[in-house]
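Those protein sequences? They're chains A and B, same order as listed. So for the first sequence, my numbering puts the first residue at 1484; every next one is plus one. So for the second sequence, my numbering puts the first residue at 45; every next one is plus one. Cβ atoms here follow ideal geometry from the backbone N, Cα and C, with glycine treated the same way.
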Amino acid sequence: MSIFNFFRAAPRASAVQAKERLQIVMAHERAGRSGPDYLPMLQQELLAVIAKYVNIDENKVEVKLDRGGDCSTLEVNIELPAREQAKAAAATKPGDKPAGNDDAATKRPAGGAVGNAGGKKRI
Amino acid sequence: MSKIIVMTSGKGGVGKTTSSAAFATGLALRGFKTVVIDFDVGLRNLDLVMGCERRVVFDFINVINGEAKLNQALIKDKRIENLYILPTSQTRDKDALTREGVEKVLNELSKEFDYILCDSPAGIERGALMSLYFADHAIIVTNPEVSSVRDSDRILGVLNSRSRRAEQGLEPVTQQLLLTRYDPERVEKGEMLRVDDVLEILAIPLLGVIPESQAVLRASNVGMPVILDEASNAGLAYSDAVGRFLGEDIEHRFVTPQKKGLFSRLLRRSA
């Protein structure tokens, strides 16, 4: 053991890390276990409605349920294509968009409730 | 009315069979007529740990299939009065366990026995589900280690949703934690989860802490339940756990490092 080790902060005990990791992963798993199983259906139906009006990429949709002590939030994040690209996409085949539209797309911040699905940006 | 206990864990290799053998023996030692059933169809091992492997003629699956009478399959322990073993099949697979078949055997056993202890296989498939389905009490065997704790939590979820008591809306299966292979010295060094950490995460009452002990391997080598090794910490810890299960108030031992005196250092006696 070098004398320098004496001054170095003691490494965090591995047991502490074990506990923290367990607490996080298990909180997640428990929520999933008691969570409603309608989420996949809900996601599909929401998508169908939105897709009627907006051209969206199915891979850029995220539905999340956070169960808190007092209230739970349902969070729906949908990445909308930019206006020009939406037009272009509408003209061509849906879903057949050019690459690199991420920068122009409107990404909704997290933390919204159900009504979050509509973008601020007019399309 | 007999009580059905399941020894379960989710994860394999944490000490379910060792604990089943010890616990069943402990209950019998206290005068309760006890049978321990091996549910690990295809991977039978309870017979070896109990030291009755050469006396197996018929098994649990034979009884389920009506190929043998229950009395023919039950093996009476040669050391302990009141203790019986129901071994499982080594050649069939878990599909041989039907809910009706298991129920029929358990019903028949419950006429005769005070305690029926079901030794669950690892996993959450058929064998494990059948072993816990009819349980009144569950003993969750856990090692102070991340994968074991996570799997124990998973099995608790299964108990709360897929046991008979859960399905029929009866009073839930009681759940108690048996923390095995605990090494107080590694805990002191911060290398192992503490009892309190595991309890906080799993949030079930503590039945016992079994210290890591060389006596466990020695006992299984010779086919003797480790609880009969009264010189070992593990044996004493199991004995305490049985007492607590029966409602006695017994303080937990072997949870802090033992101070080694010069004499024991010289002798290097293993626990």
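B:Tyr-159 and B:Val-50: beta carbons closer than 9 Å?
no
Which class does B:Lys-120 belong to by DSSP, given the choice of helix, strand or coil?
strand
If you reduce the DSSP assignment to three classes, tell me which class B:Ser-53 lands in.
coil
Under 9 Å, Cβ to Cβ, is there at least one residue of chain A near B:Gly-56?
no
Just the Cα atoms here: how many angstroms apart are B:Ile-119 and B:Ile-81?
11 Å
Are the C-beta of A:Val-1537 and some C-beta of chain B separated by less than 9 Å?
no
A:Gln-1527 versus A:Ile-1507 - alpha carbon distance:
28 Å
Given this structure, state the Cα-to-Cα distance separating B:Ala-72 from A:Leu-1525, to the nearest angstrom.
55 Å
Measuring CB to CB, does B:Lys-148 end up less than 9 Å from B:Glu-169?
no
Are any of the Cβ atoms in chain A nearer than 9 Å to that of B:Gly-201?
yes
In the DSSP assignment, find the beta strand (DSSP E) that holds B:Tyr-128 and state where it starts and stops.
127-130
Which two residues bound the contiguous alpha helix (DSSP H) that contains B:Asp-197?
190-206
Under a Cβ-count criterion, where at least 16 other Cβ atoms within 10 Å of its own Cβ denotes burial, should B:Pro-255 be classed as buried or exposed?
buried
Who are the neighbours of B:Ile-245 on chain A, taking C-beta pairs under 9 Å?
Lys-1502, Leu-1505, Gln-1506, Met-1509
Within 10 angstroms of its Cβ, does B:Leu-214 collect 16 or more other Cβ (buried), or is it exposed?
exposed
Taking B:Leu-114 and B:Glu-152 to be in contact with their CB atoms under 8 Å, please state how far apart those CB atoms are, rounded to whole angstroms.
5 Å
Where does B:Ser-46 fall in DSSP's three states?
coil
If B:Gly-22 and A:Val-1499 are in contact, beta carbons under 8 Å, what's the gap, nearest whole angstrom?
Residue 22 of chain B is absent from the structure shown; chain B starts at 45 and stops at 315.
Are the C-beta of A:Ala-1514 and some C-beta of chain C separated by less than 9 Å?
Included in the structure are the protein chains A and B, with no chain C among them.
First and last residue of the uninterrupted beta strand (DSSP E) at B:Pro-255
250-255
If we ignore side chains and look at the alpha-carbon of each, how far apart do B:Gly-267 and B:Arg-123 end up?
11 Å
Tell me where the beta strand (DSSP E) around B:Arg-230 begins and ends.
Segment 228-232 is the alpha helix (DSSP H) holding B:Arg-230; no beta strand (DSSP E) there.
Cβ-based burial, A:Asn-1542 [other Cβ within 10 Å; buried from 16]
exposed
B:Val-253 versus B:Val-270, B:Ala-285, B:Glu-274, B:Leu-246, residue with shortest Cα-Cα distance:
B:Ala-285
Under 9 Å between C-beta atoms, does B:Gly-234 make it to chain A?
yes
Distance between A:Cys-1554 and A:Ile-1539 (C-alpha atoms, nearest Å)
30 Å
Taking the alpha carbon of B:Asn-12 as the reference point, which residue from B:Ser-207, B:Thr-142, B:Glu-97, B:Tyr-177 has its own alpha carbon closest?
This structure does not reach residue 12 of chain B, given that chain B is present from 45 up to 315, and the question cannot be answered.
Evaluate B:Arg-98 with the Cβ neighbour count: other Cβ atoms within 10 Å of its Cβ, from every protein chain shown; 16 or more gives buried, anything less gives exposed.
exposed
B:Gln-219, DSSP secondary structure in three states
strand
Are the CB atoms of B:Asp-103 and B:Gln-134 nearer to each other than 9 Å?
yes
For a quick check, are the C-beta atoms of B:Val-58 and B:Ser-192 less than 9 Å apart?
yes
Rounded to the nearest angstrom, what separates B:Leu-221 and B:Ser-264 at their Cα positions?
22 Å
In whole angstroms, what is the alpha-carbon distance linking B:Ala-247 and B:Ser-196?
11 Å
Sort out for me which residues DSSP pairs B:His-181 with in a bridge.
B:Ile-49, B:Thr-218
Could you pull the DSSP bridge partners for B:Val-80 from this structure?
B:Ile-129, B:Leu-161
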